[in-house]
Amino acid sequence: VAGSTAKMDKTTVTKLTRIAQKTVGTICERVVAKEIDPKRLEKLSIIGVDEIAYRKHHKYITQVI
């Protein structure tokens, strides 16, 4: 599930896996907590994410600021 969210939006992952969006988010949070060194996030204060999906061909653009 967490690997899928790196390539798809959460709504698509939810539909494909038949798991609630809240559960998908929780799974991703656990993976980040386990895999990423907290020191990498110390200076992070605000993060913004904007995602655009082109449904016909299922191509996604994700911008992280």
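Going by UniProt numbering, the sequence shown opens with residue 1, and the numbers climb by one from there.
Just so you know, even glycine gets a beta-carbon here, dropped at the ideal spot from N, CA and C.
Local conformation of residue i per DSSP, three classes
i	result
K56	coil
V64	strand
E51	strand
E29	helix
Buried versus exposed call for residue i [16 or more other C-beta atoms within 10 Å across all chains shown]
i	result
residue 73	Residue 73 lies beyond the stretch modelled for the chain, which goes from 1 to 65, so this question has no answer here.
Test item: CB-CB of residue i and residue j under 7 Å
i	j	result
V32	V1	no
I61	I52	yes
C28	T5	yes
Rounded C-alpha distance that separates residue i from residue j
i	j	result
K43	H57	37 Å
D50	K7	14 Å
Q63	P38	22 Å
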